[in-house]
Structures are given as C-alpha cells and as structure tokens.
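A.B. asks: Here you go, one structure.
In the numbering used here, the protein residues as written are 310 to 759.
In structure tokens:
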C-alpha cells in the first residue's frame, strides 16, 4: 500500500509541476509514504503504467510507412494527428504534448529512484547486487526517454551541430526548478553516460523482458550511436552481444493464419517497450504505403506475417507485442544484425556485412534472398532490408533524419489530402518538432525554428 501511495503522489507532483507555479512552492509531507527498502523502489520501477510504455510515438504519424485517405484524415479528432501527418508548423495548436509529458514523467520518477536509493539506510545500500540493479534500471529509463525526446524535439545530431539546442536535462528529483535547454552535445553526452553506466550495473539478463538488462543497454547504445552517425561505436556495442544469430525467430515456423502471428515476449526481444499509440492512425485505420508493401518479394515471409490485405487496403499486424495494440519499439536481435551489417559495410568489409545480413534473411525468406542485388549495392540493400524488417517500430523517423544527411539516401516525402499537396524536404526544419507552448511559457524555454 505504501508504494502505491508513493507512486500516486509522485504522479501528482509531476502533473502539477507542469501546470501550476504556485503549487511548486509547497512541499508535501511524504514521511509516511517514502519507500524505505530496495524492494519498494523495485515496485516503483515495475509500474508499467509509467516505465517502458507510452514512450514517444509522434514520429510514427509523420513517417512514410503508411498513408491516410481523405476520409480517414478528415475523421481525425486531435490536432497532433491531423497536423503532424501533413507536417504543418503548429502541430499542437496550444494543446499539450503527451509524448513530452509522459517521457519527462518517466525521467522524473527515474530520478526519484536514483535519489531515493542513495538515502536508504546503510544496511539497504549494502545490498550491492540489488542496489546496482535498481540504479541501472533507472539510468536506462532516463537515457532512453531523453534519446526519444531528442529524436523528436532536437535537430539531428552530427559533428557540425553540437552547440545547437538540446533538451532541458533534469538529473535529480527536485521539484519546481527551471532548467534551460542544454546543448545538443550535452544532451547526447548525458544519454550515453547514463547508458554506459547502466551496462556495468545491470545483470546480463533479467527475470522479465519488461525489465531492462545489460544486454538491452548495449543494444540501445548500438541503436543510439547509429542514429548519431557514429557507426564504429554502434558496431562496437552491437558486437558486445554474443549469440545473436541463434536468437533470431524463424519466420517459416510461424503461423500466418493467426491474427497476430508474431508471439509476444519472444526470444528475439531484448527489452519489451511500447510507444504511445495515437488512436486513429497506423494501427487502427492507417494503410501501409503501397511502394513499401510492394518492395517485399513474394518469397519474403514478412509480407504475409507483417501485413493483412483486407477491404480497406493493406494494414500492419506484425507487432512484436502479439496484439494490434501496445506497439512494440524495443531492441531485438534482428535489429542488431542489421546494425552490424550496416556498420561493417560502411567500414568497407562487405563480406562481414553479408554474413550478418545472411544470418537474418535466411530466417525471413522462404528459399534464397537476392544476394546478387546485395553485391551490386550493399549499403542500399541493407538500408532497404532495415526498413522492411523494422517497419512500425518507431525507428523510421530516426532513420530518415540521419539518412537525409547523405545525398545518396535523402528523400522528399509527399502527401495529398483534400486535393492539396504537402511535402517535407531532406534536412527540413520540419524534422524538428516544436516544443509545446505550455512548456515554453512555464519553463521559459527557447522554441525551435520550424
């Protein structure tokens, strides 16, 4: 009961922090509700209403994996869905951002754990294995949320823009302070610092896939370094994980007649995470982009396992959560093979890149995959397979942002709604979402140019 009350109070604190300046001057008496054992803090981190779910998902509205008809778009009821789909400048129209609020709520509660365990009794802190595990989990959650926010609300990272605006970095659970935006370099440094520290604190595996492990932390370091264009580092972290190929799901053994043929919590998942699903878009009424769907060869098992052809068109069903809801965005062994393949090819080792890709595609194709096309253009082929493998995983927007910085892979996205053409050019400022107005006003933050 104590931990339940504490979670409720923590949630109220954060909610009020976002909407009331006067309340922040008051300090609640939490003497009867503050956790006193490591187990209490683990219960707090176990709360799936807070941690590992409702992660930022707005990027899925704006990417090119799906489309809406005029009727479907006209039926949308929230500004963020309507406006983000056609990339207008004012996405929120004065409303708050659930993605911003939920991510900072996870960061706030992770900070509560980080601060709280340091204040426990000497005896509790002396239980080193559990203490380290809790600290590692909290650092992991904080880092992942900051990276997902940066991928939405900051410009794409590269070596030439490190001094551009980053995120407000809240690194403790103090209530009411105003934190200015850091630089982009400081934001990404903090993300990497937290994740690297978590690797040394977390156990290699956890009893539950919903709880981050050292393996998951290494996988996220590979993912994030890839998004930064730090390909040597991305490959190094992916190589820190052994036995990748043996954990790949054999798609030929799955039953395509099942409504959702990919099982939940399967062997390929390193950490079970889900992004926030906007009710009316991809998973409910969105139709899979025709060019994307046609890029799957007839002997590509993902064509039937990932998608459903019905009277509306083609819709996605290949969610790794085993349901139409709770869209999966965690790291998998399959993603690691694609990271390794891309990084090896960028490093000039085509044969190693082929081996990693072959380990994946032999489990994705019925019969041979097109190796001739691979050797004609290895990097382009790997990037095409990356898109086809990781569709609807919350990663396409991140890939567009980094690949648009390379002339060979940049692209312009176009949509047509109600007879009007909308587009977003490579390296457009529209790839950086505006910070919600309430955050600008409350915390005196500098707004993004858009």
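We put the CB at the ideal spot given by N, CA and C, even for glycine.
If you draw a straight line from the alpha carbon of residue 332 to that of residue 474, how long is it in whole angstroms?
C.D. replies: Residue numbering aside, residue 332 sits at position 23 when the chain shown is read from its first letter. Residue numbering aside, residue 474 sits at position 165 when the chain shown is read from its first letter. Summary for residue 332: the model assigns pLDDT 32, below 50, so the residue's position carries little reliability; its value from the coordinates is reported in the next sentence. If I take the Cα positions, the gap works out to 29 Å.
A.B. asks: Using the beta-carbon count (16 or more within 10 Å), is residue 738 buried or exposed?
C.D. replies: The count along the chain shown starts at 1 and reaches residue 738 at position 429. By the neighbour-count rule (16 or more Cβ atoms within 10 Å), residue 738 is not buried but exposed.
A.B. asks: Under DSSP, the beta strand (DSSP E) around residue 726 begins and ends at which residues?
C.D. replies: The count along the chain shown starts at 1 and reaches residue 726 at position 417. Unbroken beta strand (DSSP E) run through residue 726: 722 to 726.
A.B. asks: Can you give me the start and stop residues for the alpha helix (DSSP H) that residue 664 sits inside?
C.D. replies: Residue mapping note: residue 664 aligns to position 355 of the chain shown, counting from 1. Segment 659 to 670, the alpha helix (DSSP H) holding residue 664.
A.B. asks: Let's see if you can read the secondary structure: which residues bound the beta strand (DSSP E) around residue 730?
C.D. replies: Position 421 of the chain shown holds residue 730. Unbroken beta strand (DSSP E) run through residue 730: 729 to 733.
A.B. asks: Consult DSSP for residue 321 and reduce its assignment to one of helix, strand or coil.
C.D. replies: The sequence position of residue 321 within the chain shown is 12, counting from 1. Caution applies to residue 321, whose pLDDT of 43 falls short of 50 and renders its modelled position unreliable; the model cannot decide the point.
A.B. asks: Leaving out five residues before and five after residue 607 in sequence, what residues of the same chain have Cβ atoms less than 8 Å from its Cβ?
C.D. replies: What you label residue 607 is simply residue 298 of the chain shown in a count that begins at 1. Correct list: empty, nothing qualifies.
A.B. asks: Per DSSP, which residues does residue 490 bridge with? Please list them.
C.D. replies: Locating residue 490 in the chain shown gives position 181, counting from the first residue. According to DSSP, residue 490 bridges with 477.
A.B. asks: Going by other Cβ atoms of all chains shown within 10 Å of its Cβ, with 16 needed for buried, is residue 419 buried or exposed?
C.D. replies: What you label residue 419 is simply residue 110 of the chain shown in a count that begins at 1. Buried.
A.B. asks: List the endpoints of the continuous alpha helix (DSSP H) containing residue 460.
C.D. replies: Taking the chain shown and counting its residues from 1, one reaches residue 460 at position 151. 437 to 462 is the span of the alpha helix (DSSP H), which, as asked, contains residue 460.
A.B. asks: Leaving aside the five residues before and after residue 471 along the sequence, list all residues of the same chain whose C-beta is less than 6 Å from its C-beta, in chain order.
C.D. replies: Reading the chain shown from its first residue, position 162 is the one you call residue 471. Counting only Cβ-Cβ distances below 6 Å, and skipping sequence neighbours, we find 493 and 494.
A.B. asks: Please report the Cβ distance between residue 353 and residue 412, rounded to the nearest whole angstrom; I am assuming they are in contact, meaning their Cβ atoms lie under 8 Å.
C.D. replies: Stepping through the chain shown from its first residue, residue 353 is reached at position 44. Stepping through the chain shown from its first residue, residue 412 is reached at position 103. No, residue 353 and residue 412 are not in contact; Cβ-Cβ is about 17 Å, not under 8 Å.
A.B. asks: Note down, in chain order, each residue of its chain lying with its Cβ closer than 7 Å to the Cβ of residue 663, except the 5 sequence neighbours on either side.
C.D. replies: On the chain shown, position 354 is the one that residue 663 refers to. Same-chain partners within the cutoff: 683.
A.B. asks: Report the residue from 680, 405, 603 and 375 whose alpha carbon sits nearest the alpha carbon of residue 394.
C.D. replies: One-based indexing of the chain shown puts residue 394 at position 85. Looking at the Cα atoms, 375 is the closest of the given residues.
A.B. asks: CA-CA distance, residue 609 and residue 675?
C.D. replies: Indexing the chain shown from 1 puts residue 609 at position 300. Indexing the chain shown from 1 puts residue 675 at position 366. Straight-line Cα distance between these residues: approximately 6 Å.
A.B. asks: Measuring CA to CA, which of 748, 466, 468 and 491 is closest to residue 477?
C.D. replies: In the chain shown, counting from the first residue as 1, residue 477 sits at position 168. The option with the nearest alpha carbon to residue 477 is 491.
A.B. asks: Could you pull the start and end residues of the alpha helix (DSSP H) that residue 431 belongs to?
C.D. replies: Reading the chain shown from its first residue, position 122 is the one you call residue 431. Taken as a continuous stretch (DSSP letters only), the alpha helix (DSSP H) holding residue 431 covers 431 to 434.
A.B. asks: Looking at the unbroken beta strand (DSSP E) that takes in residue 618, where does it start and where does it end?
C.D. replies: Translated into the one-based positions of the chain shown, residue 618 becomes position 309. 616 to 618 is the span of the beta strand (DSSP E), which, as asked, contains residue 618.
A.B. asks: Is it right to say residue 502 is buried, meaning 16 or more other beta carbons lie within 10 angstroms of its own, or is it exposed?
C.D. replies: Walking along the chain shown from the start, residue 502 turns up at place 193. Burial call: exposed.
A.B. asks: Could you check what DSSP says for residue 587 in three-state terms: helix, strand or coil?
C.D. replies: Position 278 of the chain shown holds residue 587. It is coil, neither helix nor strand.
A.B. asks: Pick out the complete alpha helix (DSSP H) segments inside the region 497 to 555, 4 residues or longer, and give them in chain order.
C.D. replies: 523 to 536 and 540 to 548, all fully within the region 497 to 555.
A.B. asks: Are there three or more Cβ pairs, one per stretch, closer than 8 Å when the region 453 to 464 is compared with the region 730 to 747?
C.D. replies: Output reads yes: the region 730 to 747 touches the region 453 to 464.
A.B. asks: How would you write the range of the alpha helix (DSSP H) that residue 422 sits in, first residue to last?
C.D. replies: On the chain shown, position 113 is the one that residue 422 refers to. 407 to 427 is the extent of the alpha helix (DSSP H) around residue 422.
A.B. asks: When you compare the CB positions of residue 507 and residue 514, do they come within less than 8 Å of one another, or not?
C.D. replies: Indexing the chain shown from 1 puts residue 507 at position 198. Indexing the chain shown from 1 puts residue 514 at position 205. Against a cut-off of 8 Å, the Cβ pair of residue 514 and residue 507 comes out as no contact.
A.B. asks: Can you name the residues that DSSP bridges to residue 738?
C.D. replies: Within the chain shown, residue 738 is the residue found at index 429, counting from 1. In DSSP, residue 738 forms no bridge with anything.
A.B. asks: Taking the CB atoms as reference points, tell me whether residue 701 and residue 616 lie closer together than 8 Å.
C.D. replies: Here the question's residue 701 lines up with position 392 in the chain shown. Here the question's residue 616 lines up with position 307 in the chain shown. No.
A.B. asks: Give the secondary structure of residue 623 by DSSP, where H, G and I count as helix, E and B as strand, and everything else as coil.
C.D. replies: The residue given as residue 623 occupies position 314 in the chain shown. Residue 623: strand per DSSP, three-state reduction.
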